[in-house]
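Numbering (the UniProt record's numbering), first residue to last: 1 to 139.
Structure record follows, encoded as structure tokens.
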Amino acid sequence: MNEFWRLLDHTADLGIEVEGPSLEELFAHAGEAIFELMVELDTVETAVSRHLVIEGADLADLWVNYLREVLYLWGGESLLMKKVQIINLTETSLEATLYGEPYNSRKHELMMEIKAVTYHQAEVVRTPEGWKGRVIFDV
Numbered sequence: 001m002n003e004f005w006r007l008l009d010h011t012a013d014l015g016i017e018v019e020g021p022s023l024e025e026l027f028a029h030a031g032e033a034i035f036e037l038m039v040e041l042d043t044v045e046t047a048v049s050r051h052l053v054i055e056g057a058d059l060a061d062l063w064v065n066y067l068r069e070v071l072y073l074w075g076g077e078s079l080l081m082k083k084v085q086i087i088n089l090t091e092t093s094l095e096a097t098l099y100g101e102p103y104n105s106r107k108h109e110l111m112m113e114i115k116a117v118t119y120h121q122a123e124v125v126r127t128p129e130g131w132k133g134r135v136i137f138d139v
């Protein structure tokens, strides 16, 4: 856990609430939080990158679609991503580059595995301090 996100109490699943002064930072913090929940990010190098282009019907849909694509980098490619750079973001589209490295069981201790991103309680809202997002994961 860090200053930009916190765990939410949720039965049988895992929820997080993420904050950012800008919408771009909110999305970046959320992408990084997925991997920070799974491994110590200090053990992850930025040796490879993946470029994502995501669309959604609205901001909440974009939020979930983005987090699902980020999680796919783990589930589909066994990549651990340490850094997220948001290149372009609107209420219905996002372009980002993520940096990390392939999972190595000798180097990375897997603390938990996130199986899926759900729409349950997913939201993105503007706050006086910036933006706040919430998401529930199946673990």
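For every residue, glycine included, the Cβ atom is placed at its ideal position computed from N, Cα and C.
| Query | Result |
| --- | --- |
| Kindly list the residues whose CB is nearer than 7 Å to the CB of L110, restricted to its own chain and excluding five residues on each side of it in sequence; keep chain order. | M38 and V39 |
| Between the alpha carbons of A96 and I86, how many angstroms are there, rounded? | 4 Å |
| Going along the chain, which residues of its own chain have a beta-carbon closer than 8 Å to the beta-carbon of residue 142, five neighbours each way excluded? | Because the chain is modelled from 1 through 139, residue 142 falls outside the range shown and cannot be assessed. |
| Hey, which unbroken runs of the beta strand (DSSP E) at 3 residues or more fall wholly within the UniProt domain "Archease" (5-139)? | 5-8, 14-20, 48-55, 79-89, 93-102, 116-127 and 130-138 |
| Using the C-alpha atoms, what's the distance from I34 back to L71? | 7 Å |
| Report buried or exposed for E45, applying the criterion of at least 16 other Cβ atoms within 10 angstroms of its Cβ. | exposed |
| Spatial neighbours of L67 within its chain, please: CB distance less than 8 Å, with the 5 preceding and 5 following residues excluded, ordered by chain position. | A30, G31, I34, V117 and V135 |
| If we count the other Cβ atoms within 10 Å of its Cβ and call it buried at 16 or more, is L7 buried or exposed? | exposed |
| Assuming W5 contacts E24 under a Cβ cut-off of 8 Å, what Cβ separation, rounded to an integer in Å, is found between them? | Not a contact, Cβ separation roughly 15 Å. |
| Around the C-beta of L82, are 16 or more other C-beta atoms found within 10 angstroms, so that it is buried, or is it exposed? | According to the sequence provided, residue 82 is Lys. The question's Leu does not apply to it. Flag for K82 reads buried. |
| Enumerate in chain order the residues of its own chain whose CB-to-CB distance from S78 is below 7 Å, with the five nearest sequence positions on each side excluded. | P102 and Y103 |
| For E69, count the other beta carbons within 10 Å of its own beta carbon; 16 or more makes it buried, fewer makes it exposed. Which is it? | buried |
| In its own chain, which residues sit with a C-beta less than 8 Å from the C-beta of S22, not counting the 5 before and 5 after it? | G130 and W131 |
| Using the beta-carbon count (16 or more within 10 Å), is A57 buried or exposed? | exposed |
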